[in-house]
Structure formats: structure tokens, C-alpha cells
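**Student:** 28 is the number of the first residue of the sequence shown in the working numbering; add one for each residue after it.
For every residue, glycine included, the Cβ atom is placed at its ideal position computed from N, Cα and C.
All values derive from a computational prediction rather than experimental measurement.
My questions will all concern the structure given below.
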Amino acid sequence: MFDLTLRALAWVLRLILPAPAGRHRATTVTAPPTPPPPYRHTERLDGAAHPLVRPYVLTPTERRRQRERRRALYLATIGIDVGPRLELIHGGTR
């Protein structure tokens, strides 16, 4: 019974008296000012001025040349030379 009386008295005192302002007491926190919205581009983009081809898509000719280079590099790692003729490398004519 003593515990119930003590709890009731503490509750009434909390209602009547202001809360102590201690070091660990939570204070009212004001919200920080919100930053201005980011800059928005207002001009419309012209789709006709930009190419619609992705830069990493290769044409068939570029794909063939890349495949030849990769094949030549692979064969060079195992000691087989399949590059252009030596006269062309040193300035010769065809």
C-alpha cells in the first residue's frame, strides 16, 4: 500500500511542479532551416540534337576489327605471330 501511495504522490507532483532542467533533460529542439531546393533546369532538351546510338555499341566493322585484335593478342601470348606483314610495319608498300 505504501508503494501505491508513493507512486500516486509522485504522479501528482509531476503534474503540478515543472520538470527540473538537468543536464540530461531533453530540451525542445528547433528544426534546422531547410535548404533551398536544388537548381532545376527549365529549358527543354532538344532530342534531335543528340545521337540516339549508345557509344558502346559497335558497328559490324568495329566488332570484326576488335575480334581480330583480340585473337592476335591471344595467339601472341602462346607465341604465334599473326599480325600484319613486316614490310607494312616498317614503312613498306603493298
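From what residue to what residue does the alpha helix (DSSP H) around Ala103 run?
**Tutor:** Here the alpha helix (DSSP H) through Ala103 covers 87-104.
**Student:** Can you list, in chain order, the residues of its chain whose CB lies under 7 Å from that of Thr88, leaving out five sequence neighbours each side?
**Tutor:** Nothing listed; no residue qualifies.
**Student:** When DSSP labels each residue in this structure, what does Leu42 get in the three-state scheme?
**Tutor:** Helix at Leu42.
**Student:** Where does Leu79 fall in DSSP's three states?
**Tutor:** Coil at Leu79, not helix or strand.
**Student:** Which of the three DSSP states is assigned to Leu72 in this structure?
**Tutor:** DSSP places Leu72 in coil when its eight states are reduced to three.
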